[in-house]
Amino acid sequence: MSAFVYDIPTKVYFGENQLEHLGKELAVYGSRVLICYGGGSIKKNGLFDRVTAEIKKAGLTWFELSGIEPNPRVASVNQGAQICKKEGIDVILAVGGGSVIDCAKFTAAAAFYDGDAWDIMTMKYQPTKALPILDISTLSATGSDMDAGGVISNPDTKDKIGFSIPGVLQPKVSFLDPTLTYSVSEYQTACGSADILSHVIESYFVPQNGSMYMLDKVKEGLMKTVIKYAPVALEEPNNYEARANLQWAASWAINGFTGVLQNCAWSCHPMEHELSAIYDITHGLGLAILTPRWMKYILDETTVERFYEYGVNVFGVDASLPQMEAAEKSIEMTKDFLYGTLGLKSTFGEIGIDDTNFSIMAKKACQGAVLPGFKPLKQEDIEKIFAMCL
Ligand code: NZQ
Ligand code: ZN
């Protein structure tokens with residue numbers, strides 16, 4: 517087993533009524549705050565008023581970057597960076613889902629750069645510092661509230677690029693109040709749940725020595741949490757227990773804890789990012805369509821054991837079944853969960869994607885070489901997986 521470093525320096529306020537700590541936490545970093553938010557959900561549900569009331573109470577001044585899109589665009593990052601420079605912003609507060617938090621992270625870094633923020637995504641400029649980032653996370657999905665990564669899209673080049681910069685983009689403080697996720701739509705709740713599940717799957721399906729027993733049990737627990745509570749949240753959007761379990765699972769699925777020994781790249785995420793780069797689809801939906809096809813494509817004698825463990829320990833598949841039969845059943849149960857229980861669409865055809873861009877998307881997903889995941893994939897493999905999704 518390899519050695520590892522565990523370092524997750526985000527302070528989390530979890531639960532109801534924690535926003536009363538917002539003012540004092542922001543004040544640690546300065547007095548001029550840039551509030552970043554999306555298309556208006558926080559105005560509709562009253563959160564914007566609560567946030568600005570806390571900021572006022574603490575005697576701080578705020579500015580706004582609004583209209584951040586799902587699959588956030590680099591134009592929003594550039595706009596945010598401009599405000600930071602012009603207004604002398606001290607600290608950034610993201611209020612929203614993963615898109616808002618991701619945009620806020622790269623805005624915080626771009627504030628120290630004079631060129632186009634896209635240079636950060638292409639690594640022409642590699643930031644070593646950023647303004648301090650705090651967030652109020654309103655959607656259980658990406659876990660951006662506790663990781664140092666983000667994903668930004670460029671509609672001109674049809675690229676969607678994401679990576680982490682540990683020590684630079686990690687939020688200082690995150691506020692996770694499950695009641696703020698009550699207003700998330702059924703569709704976004706389902707997509708977010710598929711995303712959480714995928715994050716765990718990406719770190720569960722690893723070659724030998726890429727995990728350990730203790731971590732496997734945590735990962736199985738996280739997956740079972742999504743499978744148990746996503747349907748409850750869909751049925752009863754205001755169920756605190758369900759929303760709280762999903763929210764904390766979302767953070768822990770990606771915050772670095774379960775992935776400390778990860779010895780291979782993620783597979784479905786690079787493929788999905790190419791889909792949302794071109795078709796602007798919801799990230800979790802793309803993952804839901806891809807994941808069972810990827811599973812089916814890579815299932816063979818060399819990977820069957822992992823699928824067997826997954827089926828037996830996560831979905832309760834009969835352990836006495838032959839390994840391959842149990843493995844196949846586990847993929848069927850994954851499909852049932854995503855398309856039946858969560859009600860997500862199951863094919864590209866249903867969401868208007870045909871094979872026109874398969875070749876270019878596959879080439880980009882493996883960066884013209886090999887996607888070095890659980891089972892390494894070449895361009896032709898990825899094209900076949902895309903074809904299975906039609
Ligand atoms: O924009 P507003 O009006 O706020 O509405 C949003 C948006 O339309 C809405 N929403 C969010 N919270 C709500 C709410 N509606 C009602 N009540 C609330 N409490 O939901 C819609 C989707 O929001 P978005 O932020 O786009 O969703 P999500 O959190 O799933 O973020 C997706 C983005 O994150 C990236 C994805 O690729 C995608 O760009 N990812 C980021 C990761 C990371 N930082 O580590 C990892 C992920 O794998 C992922 O790639
Ligand atoms: Zn994801």
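Letter 296 of the sequence shown, counting from 1, is numbered 812 in the working numbering, and no numbers are missing. For glycine and all other residues, C-beta sits at the position ideal for the given N, C-alpha and C.
Spatial neighbours of residue i in its chain, beta-carbon cut-off 6 Å, leaving aside the 5 residues before and after
i: I770; result: G659, D663, H715
i: F874; result: E899, F902
i: G546; result: D606, V607
i: G612; result: Y553, G554, T654
i: E752; result: none
Contacting residues, own chain, Cβ-Cβ under 7 Å from residue i (five flanking each side not counted)
i: F853; result: I743
i: V593; result: C619, F622, T623, A626, A633, I668
i: Q704; result: L655
i: G859; result: A706
i: T863; result: I805, C905, L906
i: L750; result: E702, T705, A706
i: M840; result: V820
i: S846; result: F823, Y826, G827, F831, V833
i: V734; result: T774
For residue i, three-class secondary structure by DSSP
i: W764; result: helix
i: C552; result: strand
i: F679; result: strand
i: W578; result: strand
i: A610; result: strand
i: F691; result: strand
i: F622; result: helix
i: Y703; result: helix
i: G865; result: helix
i: I584; result: coil
i: P754; result: First, the residue type needs correcting, since residue 754 is Asn and not Pro in the sequence shown. It is coil, neither helix nor strand.
i: D670; result: Note on residue identity: the sequence assigns Asn, not Asp, to residue 670. Here N670 sits in strand by DSSP.
i: L887; result: strand
i: V722; result: coil
Option in the options with minimal Cα separation from residue i
i: G708; options: P753, V684, L655; result: L655
i: E844; options: L791, T819, Q724; result: T819
i: F773; options: I524, Q686, A519; result: I524
i: P643; options: I649, Y629, S653; result: Y629
i: I712; options: Q686, P694, C905, L803; result: L803
i: Q724; options: K733, N779, V734; result: N779
i: E736; options: A746, L750, G726, Y720; result: Y720
i: A657; options: S615, F579, Q595, L893; result: S615
i: Q595; options: T577, I794, L550, S557; result: L550
i: C784; options: E757, L762, Y813; result: Y813
i: Y729; options: I794, Y826, N533; result: Y826
i: A610; options: K559, L650, I571; result: L650
i: I794; options: P892, A881, S836; result: A881
i: P671; options: E790, V748, Q763; result: E790
i: H799; options: V833, G678, Y756; result: G678
i: T673; options: D635, L542, E821; result: D635
i: E788; options: T697, R809, P682; result: R809
i: K740; options: N587, S727, N761, M517; result: N761
i: I681; options: Y641, V748, L542, A835; result: Y641
Test: residue i CB closer than 9 Å to a CB of chain D
i: T857; result: The chain inventory of the structure shown lacks chain D, comprising one protein chain alone.
beta-carbon residue i near the ligand NZQ non-hydrogen atom, thresh 8 Å
i: H715; result: yes
i: I617; result: yes
i: N587; result: yes
i: I608; result: no
i: G660; result: According to the sequence shown, residue 660 is Ser rather than Gly. Indeed, a heavy atom of the ligand NZQ lies less than 8 Å from the Cβ.
i: H789; result: yes
i: Y553; result: yes
Close beta carbons around residue i, own chain, < 8 Å, minus the five adjacent residues each side
i: L597; result: Just to set this straight, residue 597 is Ala in the shown sequence, not Leu. The answer, listed in chain order, is T623, A626, A627, Y629, A633.
i: G604; result: R548
i: F579; result: R548, V549, L550, I551, I599, E603, I605
Closer than 8 Å: residue i CB and nearest the ligand ZN heavy atom
i: D711; result: yes
i: H537; result: no
i: K800; result: Per the sequence shown, residue 800 should be read as Gly rather than Lys. Yes, the ligand ZN has a heavy atom inside 8 Å of this Cβ.
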